[in-house]
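S.K.:
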Ligand SMILES: [Zn+2]
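Numbering (our numbering), first residue to last: 744 to 872.
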């Protein structure tokens with residue numbers, strides 16, 4: 744791959760959770776219509792960042808995990824400010840982290856990015872749009 748990898752820093756609102764990840768330049772976002780994404784209404788990264796490319800800089804003790812049936816995803820949130828910075832997959836830790844683009848410092852307006860809609864409610868595929 745010739746495309747340059749970018750390094751991104753992210754944080755929750757209060758700053759207890761800080762993280763860094765690297766990957767292809769972020770040029771788009773995804774949102775999902777599942778029962779939790781619908782409620783939190785965050786724009787998430789299209790990519791998952793594998794553990795080798797993702798570093799939790801601070802806040803391991805401030806993160807709380809929430810799961811719901813069928814327990815496929817660890818939904819992490821900050822116990823102080825309630826922001827949801829990323830999630831990962833329960834049964835496939837090597838898949839890595841999908842991050843909340845609103846937490847990424849270099850992205851001033853995630854809503855300015857092209858968004859694809861993921862049908863997490865039914866088909867687990869991107870919807871045509
Ligand atoms: Zn926080």
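Glycine included, each C-beta is placed from N, C-alpha and C at the ideal position.
For residue 778, which three-state DSSP category applies?
M.R.: Note: residue 778 maps to helix in three-state DSSP.
S.K.: Using 8 Å for Cβ pairs, my map puts residue 843 next to residue 785. What's the rounded Cβ distance?
M.R.: Going by Cβ atoms, the distance from residue 843 to residue 785 rounds to 5 Å, so yes, they are a contact pair.
S.K.: Which residues bound the beta strand (DSSP E) around residue 795?
M.R.: Looking at the DSSP string, residue 795 is not in any beta strand (DSSP E), and its letter there is neither H nor E.
S.K.: Check whether the Cβ of residue 759 sits closer than 7 Å to any heavy atom of ligand 1, and report yes or no.
M.R.: Yes; taking the cut-off as 7 Å, the Cβ of residue 759 has a heavy atom of ligand 1 nearer than that.
S.K.: Taking 7 Å as the cut-off, is the CB of residue 769 close to at least one heavy atom of ligand 1?
M.R.: No, ligand 1 has no heavy atom inside 7 Å of this Cβ.
S.K.: For residue 822, which residues from the same chain have a beta carbon less than 7 Å from its beta carbon, with the 5 sequence-adjacent residues on both sides left out?
M.R.: Here the set comprises 805 and 807.
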